[in-house]
Amino acid sequence: ILYIAYTLFSLFYYIGITGFDFQYFIPNYPTVAHHSKLVFVILSSFSFYNLIIVYFKEEKQGIWLAKKLHVPVMALLGLLFLVVTFQDFYLSFFADDWLQYNFVPVLLLGFISLLVFYTLIRIVYFNPIWQNILFLVGFSFLIVQVIFAVFINNGLIQIPFSYTTLNILATTCELICLSILFFEKLLALRREKQLLATEVEMARVEQEKAAKIKELDEAKTRLYTNITHEFRTPLTVIKGLTEQIVDNEDKKQLIQRNSDTLLRLINQLLNLSKTDKGEMPFQPIQNDIVQYLRYLSESFRSWGATKNIRLHFLPNVAHCQTDYDPDKLQDVLSNLLSNAIKNTAKGGDIYIFIKKEAQQLVISVKDTGVGIAAHHLPNIFDRFYQIDQTDVRRDVGTGIGLALCKELVQIMNGEICVRSELGVGSEFEITLPISQKAQKINQSTPEISLKSADDFVDNQNLVRDDISKQSQRNSDTANQKATILVVEDNQDVRHYLTLCLEQDFELIFAQNGKVGIEKALSTIPDLVLSDIMMPDTNGLELCENLKTNVVTSHIPLILLTAKADQRAKLQGLSRGADAYLTKPFNKEELLTRIHSLIAQRSRMQAHFLKNATSTKTKKYAVENQFLNNLKEIVEAHLNDETFDVQRLAFELKMSRSQVYRKVKALTGRSIASYIRYLRLQKGKQQLETTNLTVSEIAYNVGFKDLAYFSNSFSQEFGYAPNATRK
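Using this note's numbering, you'd call the opening residue of the sequence shown number 11 and step up by one each time.
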């Protein structure tokens, strides 16, 4: 815009000096028309000076020019413009007409030109590139023209050609120089645009590539997550059957040891997968971390002793109350200590140092093992990085453990580093921040959380006591086996569960969740044992379906799954599962859990018999609602002796067998016995609150035979009906 303005004003100036009279356009202002050439020179200078400022600001040069000279130069040019343009208005107030001469304006223009000329010389001096030199050369002709204009117009200097020719030459030279500069600028902008377009295209390609890599990485993560989940199923069978082997103890221990190793590697892969997806949150507690580390290290002392390796716990501080995540800290320390034991020769030493530095806790695990070569150290925490055995003999790992350690330490806002020397040993140093923001846990002995996250509801002795009491209370079913519905799509796991459970329970099998729901509704088992990951309908959907259905809501349900993380467990428990076992599971743990849940039926039955007229508890809300509906239906037909189980099932919109097994599970009574119990309860209530005769009350509650009513009442409550009013 400034370049266009400069060329236009220069054009009008040359039109004026060729003899064109601008008075034709402004006849009322002859003086202004007479001085139009000077006005256009001032405007041209104004545009040109601003052009210089903008150009060099774009080139990141001569910034001081804009800061120091811009305001005074603009003020002078503005004053010149006002003086020349509005002469007709102020000359009438002066007797002297000296201002009518062009000498002073031209002299001021010359001064300004010299000032700008000096500025350009300075720019070229400090940055002598050809663009700046070209700018200076072009402007030099203009400055010569302006300086000589004063002398030429006043006859002080004679030149062999006309002044107009001098103007044309100077302006033409400047326009050529500016055109070259602008052309170069346009080429640079075009190159920059092309480069930018190339960068944008490359960025788009890189973005697409990154998206594909991310998609591939997510697919890879899903793949090895699913694979590692699937590994748990055959491990369940292997570990379970190994425990049942009687002979060949050496081979049995070998299988178990390698199964445990494989399980540990699977868990590490799953943990790495969870860190990638951000599913490993920092869950700190506030407690004495030194005592917790002492407790963890003690669990490795016996293992070290088998290799004649001495484990030394050497804290510089006796106590340190801080925030830490016990599960993650356990994984990190276990990995480091197991690596140290595996790579330390017999008779070696392992040291655990703990010290405080400012607001940080430094934990060091140092061994006298084989050490690590220096060129391996930068990659030691990379995933799947393995140290070859060319330097020294060592127990080569999979490259998962240390990578997981680094991820877990970073989640805990800490750092981990390693120092090592071949033949001397290695030292891993963990630095954790000391803070006290988490919830404080007061306990004298730190506890290591089980990786399965399952705590037994009752120990086996209590379970057996409950079962014994239940058998005494239910002598009619003491010799009957409880029925378990096993919902599992893997044939080998079904076979293993059969070996575990067939001696104590009646088993029903379903190969997926959909069939499992159908069989649960038709058979009303005493317990459901279901896998989670199944085709068609998974275990979580089965659990939610059964727990929200009034027919099956009372059935205890155990979920079996390869997903070992806390989130998966919470998903199962939130759907109503009563227990959650992680594959591979221990047979004794499974049996204890099953016996515990079945034994809980006695407590549930006692609750419903004791609270037959109360529904305030929330623990058995669905079951309470069912029994309330049943009680209301029975009371509506209380004096109808012919009201039987078939009619009750019709009213409840359930089959007879469903009602029978539901009531049996909830109360421990047959349906006929429970209806009779409700009638007798109502009869007892009327005996206590009314003056009706025993015969009338018996008739009111559906007993046509007084002797049968009295006999049933005595058996139920331990005393005769007449004794109620005494």
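The beta carbon of each residue, even a glycine, is placed where N, CA and C say it ideally should be. Please read all numbers here as calculations on a predicted model, not as lab measurements.
Tell me which same chain residues have a C-beta within less than 6 angstroms of the C-beta of residue i, skipping the five on either side of it?
i	result
Ser462	In this predicted model, Ser462 has a pLDDT of only 31, less than 50, meaning its place in the structure is not dependable enough to derive any value.
Thr455	At Thr455, the pLDDT of 42 sits below 50, so the modelled position is not reliable and the matter cannot be decided from this model.
Leu53	Phe19
Arg585	Leu550, Cys553, Glu554
Go to residue i, then tell me how far its beta strand (DSSP E) extends in each direction, as first and last residue.
i	result
Thr441	435–443
Asn297	295–298
Thr571	567–571
Lys376	370–377
Lys4	Residue 4 is absent from the structure shown; the chain starts at 11 and stops at 736.
If you run the structure through DSSP and keep just helix, strand and coil, what is residue i?
i	result
Thr493	strand
Ala383	coil
Phe30	coil
Tyr305	helix
Ala520	strand
Phe104	Any reading at Phe104 must be qualified, since the residue scores a pLDDT of 46, below 50, and its modelled position is unreliable; no value is offered.
Glu645	helix
Ala229	helix
Thr508	helix
Val215	helix
Ile542	coil
Phe323	strand
Lys593	coil
Lys450	strand
Glu431	strand
Asp333	strand
Phe149	helix
Ile3	Lying before the first or after the last residue shown, residue 3 is absent from the chain, which here runs from 11 to 736.
Phe719	helix
Note the first and the last residue of the continuous alpha helix (DSSP H) segment covering residue i.
i	result
Lys524	523–533
Arg686	681–699
Ser3	Since the first residue of the chain shown is 11 and the last is 736, residue 3 is not available in this structure.
Arg311	311–316
Pro336	336–352
Leu552	549–557
Tyr670	666–677
Phe292	Element bounds for Phe292: n/a, residue is neither H nor E.
Leu658	655–662
Val704	704–710
Val419	411–421
Using 9 angstroms as the threshold, is the C-beta distance between residue i and residue j below it?
i	j	result
Ile133	Gln71	yes
Thr181	Phe149	no
Ile426	Val419	yes
Ile143	Ser55	no
Ile373	Met290	no
Ser606	Leu567	no
Ala492	Ile608	yes
Gln635	Val560	yes
His505	Val247	yes
Cys415	Asp337	no
Gly314	Lys597	no
Ile518	Asn555	no
Leu662	Ile643	yes
Leu432	Ile494	no
Leu6	Leu339	Any property of residue 6 remains undetermined from this structure, which presents the chain solely from 11 to 736.
Lys356	Asn318	yes
Ile364	Asn326	yes
Lys344	Phe310	Rather than Lys, the amino acid found at residue 344 in this sequence is Ser. Contact: yes.
Cutting at 8 angstroms between CB atoms, please list the residues of its own chain near residue i, excluding the five before and the five after it.
i	result
Asn522	Val497, Asp499, Met544, Pro545, Asp546, Thr547
Arg689	Val644, Leu648, Val711, Gly712, Phe713
Please check the pair residue i and residue j, which I expect to be a contact at CB under 8 angstroms, by giving their CB distance rounded to whole angstroms.
i	j	result
Leu118	Leu92	Contact flag wrong, Cβ pair sits at about 12 angstroms.
Thr534	Lys672	Here residue 534 is Ile; the residue named in the question, Thr, does not match the sequence. With a Cβ gap of about 6 angstroms, Ile534 and Lys672 count as contacting.
Ile362	Leu324	7 angstroms
Ala717	Phe723	Going by Cβ atoms, the distance from Ala717 to Phe723 rounds to 11 angstroms, so no, they are not a contact pair.
Tyr16	Ser46	Not really, about 17 angstroms apart at Cβ, beyond 8 angstroms.
Cys330	Ile444	7 angstroms
Arg603	Ala587	That pair is no contact at about 11 angstroms.
Ser9	Leu387	This structure does not reach residue 9, given that the chain is present from 11 up to 736, and the question cannot be answered.
Leu3	Val669	Since the first residue shown for the chain is 11 and the last is 736, residue 3 is missing from the structure and cannot be characterised.
Excluding the 5 residues preceding and the 5 following residue i in the sequence, name in chain order all residues of the same chain whose CB lies nearer than 7 angstroms to its CB.
i	result
Thr734	Lys694, Leu697, Glu698
Ile707	Gly693, Gln696, Leu697
Glu551	Gly523
Is there a Cβ of chain D sitting closer than 9 angstroms to that of residue i, yes or no?
i	result
Ile255	Protein chains in the displayed structure number just one, and chain D is not present.
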